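Below is one structure, written out as structure tokens, with a few remarks after it.
Protein chains: 2
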Amino acid sequence: MSVTAAKGFAAAGIAAGIKENGNPDLALVVNNGPRRAAAGVFTSNRVKAAPVQWSEQVLRSGQVSAVVLNSGGANACTGPKGFQDTHATAEKVAEVLGRGAIEVAVCSTGLIGVLLPMDKLLPGIDTAAAQLSEHGGEKAAIAIKTTDTVHKTSVVTGEGWTVGGMAKGAGMLAPGLATMLVVLTTDADVDSETLDRALRGATKVTFDRVDSDGCMSTNDTVLLLASGSSGITPGEEEFADAVRAVCADLGRQLIGDAEGASKDIKVEVVNAATEEDAVEVGRSIARNNLLKCAIHGEDPNWGRVLSAIGTTSAAFEPDRLNVAINGVWVCKNGSVGEDREEVDMRYREVHVVADLAAGTETATIWTNDLTAEYVHENSAYSS
Amino acid sequence: MSVTAAKGFAAAGIAAGIKENGNPDLALVVNNGPRRAAAGVFTSNRVKAAPVQWSEQVLRSGQVSAVVLNSGGANACTGPKGFQDTHATAEKVAEVLGRGAIEVAVCSTGLIGVLLPMDKLLPGIDTAAAQLSEHGGEKAAIAIKTTDTVHKTSVVTGEGWTVGGMAKGAGMLAPGLATMLVVLTTDADVDSETLDRALRGATKVTFDRVDSDGCMSTNDTVLLLASGSSGITPGEEEFADAVRAVCADLGRQLIGDAEGASKDIKVEVVNAATEEDAVEVGRSIARNNLLKCAIHGEDPNWGRVLSAIGTTSAAFEPDRLNVAINGVWVCKNGSVGEDREEVDMRYREVHVVADLAAGTETATIWTNDLTAEYVHENSAYSS
């Protein structure tokens, strides 16, 4: 269903020959209206790929007619030629579809520092356009995969309207050098300002809190397009809830498919003085390589949780900290708590709770364990 | 030579039975004067082990008569009982040596959240005291090892005076959950204020810039003790240079013995607007798991260097960044530079230069690659 679950959209996914192995590598998503409202959120990395620089300009108008996405090359750190290539890609889509290039967003993912094979990409756009279909969502989702083992889609349905989408990658919006690309579509009749509020609110508590390996991509992009074809304008809160639900579902799928991971780790920080404190502490725990190794070894090593908390500027007293792993409070008041032998870590999902005992705020960060397979995949995934 | 290279010091290293495998685990370093001046630098982790809390108090007077160090247990996150145990350890050393407990610094390293076996540690102090020797430096250095494969010592000699020392662990002062403990001694006749300035100046550019895995210990401690027994007071700059040289040598040895590492990586940031910028960028590069994996795979993946730079707040323009790996400028002006095939990465030491083209300041951070062995060692090193 993916990006074509909502009415008013067509999509396609094809193999243009950008990937040397012949796998699908080019996706096209087209908004057939009547509305063409859109919002976007991009990587906060200051080294931005050419497609991000381009698409940020496109989104300024709040109007997107089409999104073209390629895997097999990030078009990042490619200089002026890389930007020209992105521009040419948008122009080509605009020409084929009879739209304006400034309404065509471009997303790329793959290796950094390599120019795209435009002799393959541009003809691929003709092929993709010829295959555009209201049932093309799955094929589009498949064509944006890189190291993903499965394609990721999600749909939430309201009263007569729908939000759906596709995602690839593993990482947070800011992280995941395995770039995260997400395209969401809706047939709800909402304007670009409403889309923008809903999307920013959703990404802040979903993709922003998915932190597989602490590395921030040059290409991360999340787009939300509205066709308005349902003719229904939901209440803003209801709509925002649906967008957040789709983002949360896709974010969880990204963590579940992270490179080399054997555990999905939910880091929940509770009783923080502020939400910012909760996020800072959650991220510090989620990025601690030693803890990630311990969890890989099914070792409930709460000392590594405490030492990660200790590096933050959050409000807490060391001797009031509590930590639970999979429901067992192995650390109480900053010291030894319940018997660590009670902790059952056999399953893929691991739940770490850090209680700061400093307030009432909370935040949840998702991450993965650190494995030999991660090292293998990322030392072999040559640039 | 280690801590007994300088005159006026005696040391011992014995197996007290704290480690279950019977390896040496208790070290004693005694300053026989005439001076007993000292300075110390401790972890910036807010979750501080009991021995750190104690030793910070000891150092306030600028006087240290003895240092007792144990491996086999960090005595961190052990509550009031843990602090009592550290206090009892200092009292025991004081009693055996006939000094005041408040002049006895205590250092511990090993697992977090486990109480020390005081029934073994306290009798061990008697044994160690009986073996104190002006030639005991090597044995002391051996007794503080945990996952270290070799013991680390260094000596620099001035005109009639000496600075020597020992280190264990891998990490920066702040990092390396494999706690870093360092004891330096000198027979130079210098006061505690001079020692403090020399030590802080040295750690800031040496141990503080050794960042094996970005994890900050609860126990990191660096002590510098002066006996004054040479009767010589060197010029302050000359003395500070010697302290910095010993710290740099020990820091390099720590990186060379980091857990599971196959590459030692020198990250040199040049042409930064400020030294703070250079350090921030260097640390960001040094902590990038994806880059560390790539270097493990001997892949000169400069895109990962750029994306790490892009996450910082340092002054730079993305299209003016340059990156060299082992002397080859693989990235020029933020884009593809010299042929990456020219980069020879066969050797253990790898040199990454990041040119920010934004000023004249520089900083060097040392780190390691990320390997399957690191994962193995830290998922098996059970808490």
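In order, the protein sequences belong to chains U and Y. Going by the numbering used here, 374 is the number at position 374 of the first sequence; the sequence numbering is gapless. Take any residue in the second sequence, count from 1 to its spot, add 383: that is its number in the numbering used here. We put the beta carbon where it would ideally sit given N, CA and C, even for glycine. The structure displayed is predicted, hence computed values, not measured ones.
Separation of residue j from residue i, as counted between CA atoms
i: Glu756(Y); j: Ala524(Y); result: 25 Å
i: Leu26(U); j: Ala380(U); result: 24 Å
i: Thr109(U); j: Ser55(U); result: 14 Å
i: Ala471(Y); j: Asp502(Y); result: 11 Å
i: Asp189(U); j: Thr218(U); result: 32 Å
i: Ser307(U); j: Met599(Y); result: 7 Å
i: Pro558(Y); j: Thr754(Y); result: Here the model assigns Pro558(Y) a pLDDT of 48, short of 50, so the residue's position is not dependable, and the following value carries that caveat. Going from the Cα of Pro558(Y) to the Cα of Thr754(Y) covers about 18 Å.
i: Thr536(Y); j: Gly686(Y); result: 38 Å
i: His734(Y); j: Gly359(U); result: 46 Å
i: Gly8(U); j: Ser227(U); result: 6 Å
i: Cys77(U); j: Thr149(U); result: 26 Å
i: Leu505(Y); j: Leu499(Y); result: 10 Å
i: Phe207(U); j: Ile255(U); result: 10 Å
i: Asn672(Y); j: Leu290(U); result: 12 Å
i: Ala512(Y); j: Ala421(Y); result: 21 Å
i: Thr694(Y); j: Leu480(Y); result: 53 Å
i: Val605(Y); j: Phe425(Y); result: 6 Å
i: Ala784(Y); j: Val476(Y); result: Here chain Y has residues from 384 to 766 only, and residue 784(Y) is not among them.
i: Asn271(U); j: Glu361(U); result: 5 Å
Nearest candidate by alpha-carbon position, reference residue i, set the options
i: Ala746(Y); options: Val719(Y), Arg443(Y) and Glu659(Y); result: Glu659(Y)
i: Leu69(U); options: Lys81(U), Ala50(U), Cys77(U) and Gly79(U); result: Ala50(U)
i: Asp624(Y); options: Gly584(Y), Leu606(Y) and Lys390(Y); result: Gly584(Y)
i: Ala740(Y); options: Leu637(Y), Gly710(Y), Leu753(Y) and Ala661(Y); result: Ala661(Y)
i: Ser33(U); options: Thr186(U), Ala261(U), Val281(U) and Asp249(U); result: Here residue 33(U) is Gly; the residue named in the question, Ser, does not match the sequence. Gly33(U) has its Cα closest to that of Thr186(U), out of Thr186(U), Ala261(U), Val281(U) and Asp249(U).
i: Val435(Y); options: Val412(Y), Ser448(Y) and Asp468(Y); result: Asp468(Y)
i: Ala394(Y); options: Val441(Y), Leu515(Y) and Lys675(Y); result: Leu515(Y)
i: Lys263(U); options: Val205(U), Thr233(U), Asp369(U) and Ala38(U); result: Asp369(U)
i: Lys168(U); options: Cys107(U), Asp189(U) and Asn289(U); result: Cys107(U)
i: Ala245(U); options: Ala198(U), Gly8(U) and Leu225(U); result: Ala198(U)
i: Lys587(Y); options: Gly634(Y), Arg429(Y) and Thr754(Y); result: Gly634(Y)
i: Lys801(Y); options: Asp640(Y), Leu674(Y), Arg703(Y) and Val538(Y); result: Chain Y is shown only over 384 to 766; residue 801(Y) falls outside these bounds and no answer can be derived.
i: Val331(Y); options: Leu704(Y), Arg703(Y) and Gly720(Y); result: There is simply no residue 331(Y) to check, as chain Y begins at 384 and stops at 766 in what is shown.
i: Gly235(U); options: Gly158(U), Tyr347(U) and Met1(U); result: Gly158(U)
i: Leu567(Y); options: Asp509(Y), Val626(Y) and Gly465(Y); result: Val626(Y)
i: Gly520(Y); options: Arg731(Y), Phe590(Y) and Val412(Y); result: Val412(Y)
i: Leu224(U); options: Gly62(U), Asn271(U) and Ala261(U); result: Gly62(U)
i: Arg36(U); options: Val58(U), Ile325(U) and Ser284(U); result: Val58(U)
i: Ile648(Y); options: Thr577(Y), Asn709(Y) and Glu403(Y); result: Asn709(Y)
i: Asp402(Y); options: Leu494(Y), Asn428(Y) and Val479(Y); result: The identity of residue 402(Y) in the sequence shown is Lys, whereas the question assumes Asp. Checked all of Leu494(Y), Asn428(Y) and Val479(Y); the closest Cα to Lys402(Y) is Leu494(Y).
i: His151(U); options: Val182(U), Thr127(U) and His135(U); result: Val182(U)
i: Ile309(U); options: Val269(U), Gly100(U) and Asp191(U); result: Val269(U)
i: Asp579(Y); options: Arg429(Y), Arg443(Y) and Arg731(Y); result: Arg443(Y)
i: Ser454(Y); options: Glu478(Y), Met563(Y), Glu517(Y) and Gly483(Y); result: Met563(Y)
i: Asp632(Y); options: Ile615(Y), Glu621(Y), Thr616(Y) and Arg592(Y); result: Arg592(Y)
i: Gly423(Y); options: Glu478(Y), Asp603(Y), Gly483(Y) and Glu621(Y); result: Asp603(Y)
Same chain only: Cβ atoms within 6 Å of residue i, ignoring 5 sequence neighbours per side
i: Ala286(U); result: Asp211, Val267, Ile365 and Thr367
i: Glu298(U); result: Met345
i: Val114(U); result: Gly73
i: Gly396(Y); result: Pro407, Ala410, Lys522, Ala523, Ile525 and Ala526
i: Gly17(U); result: Lys120
i: Gly465(Y); result: Ala433 and Asn458
i: Ser229(U); result: Lys7, Gly8 and Asp187
i: Gln636(Y); result: Lys535
Contact belief for residue i with residue j at Cβ below 8 Å, rounded distance in angstroms
i: Val3(U); j: Met166(U); result: 5 Å
i: Glu326(Y); j: Ser448(Y); result: Because residue 326(Y) is not part of the residues shown, which for chain Y are 384 to 766, the question remains open.
i: Ala389(Y); j: Val546(Y); result: 7 Å
i: Ala737(Y); j: Val688(Y); result: 6 Å
i: Ser313(U); j: Glu342(U); result: Ser313(U) to Glu342(U), Cβ: 33 Å. No contact.
i: Pro80(U); j: Val430(Y); result: Contact doesn't hold; Cβ gap of about 49 Å is too wide.
7 Å CB neighbourhood of residue i in its chain, flanking five on each side removed
i: Ala15(U); result: Gly22, Asn23, Pro24 and Asp25
i: Arg723(Y); result: Pro683 and Val713
i: Met384(Y); result: Gly520, Thr536, Val538 and Gly547
i: His296(U); result: Ser262, Lys263, Asp369, Leu370 and Thr371
Beta-carbon neighbours of residue i, restricted to chain B and to distances below 8 Å
i: Gly717(Y); result: The chain labelled as chain B is not found among the protein chains of the depicted structure, namely U and Y.
Residues of its chain near residue i, where Cβ-Cβ distance is below 8 Å and the 5 sequence neighbours each way are ignored
i: His135(U); result: Thr4
### Query
Using Cβ-Cβ distances below 8 Å, what residues of the segment 211-225 of chain U are close to chain Y?
Residues passing the 8 Å Cβ filter: Asp213, Gly214, Cys215, Met216, Ser217 and Thr218.
### Message
Any C-beta of chain U within less than 7 Å: which residues of the segment 666-698 of chain Y qualify?
### Response
Asn671, Asn672, Leu673, Cys676, Ala677, His679, Gly680, Asp682, Asn684, Trp685, Gly686, Arg687, Leu689, Ser690, Ile692, Gly693 and Thr694
### Task
Could you list the residues in the segment 41-59 of chain U with a C-beta less than 9 Å from some C-beta on chain Y, going in chain order?
Thr43, Ser44, Asn45, Arg46, Val47 and Lys48
### Task
May I ask you to list, following chain order, the residues of the segment 439-467 of chain Y that have a beta carbon less than 9 Å from some beta carbon of chain U?
Ala457, Ala459, Cys460, Thr461, Gly462, Pro463, Lys464 and Gly465
### Message
Under 9 Å, CB to CB, which of the residues in the segment 370-381 of chain U have a partner in chain Y?
### Response
Leu370, Thr371, Ala372, Glu373, Tyr374, Val375, His376, Glu377, Asn378, Ser379, Ala380 and Tyr381
### Message
So if I threshold CB-CB distances at 9 Å, which residues from the segment 99-121 of chain U count as touching chain Y?
### Response
Leu111, Ile112, Gly113, Val114 and Leu115
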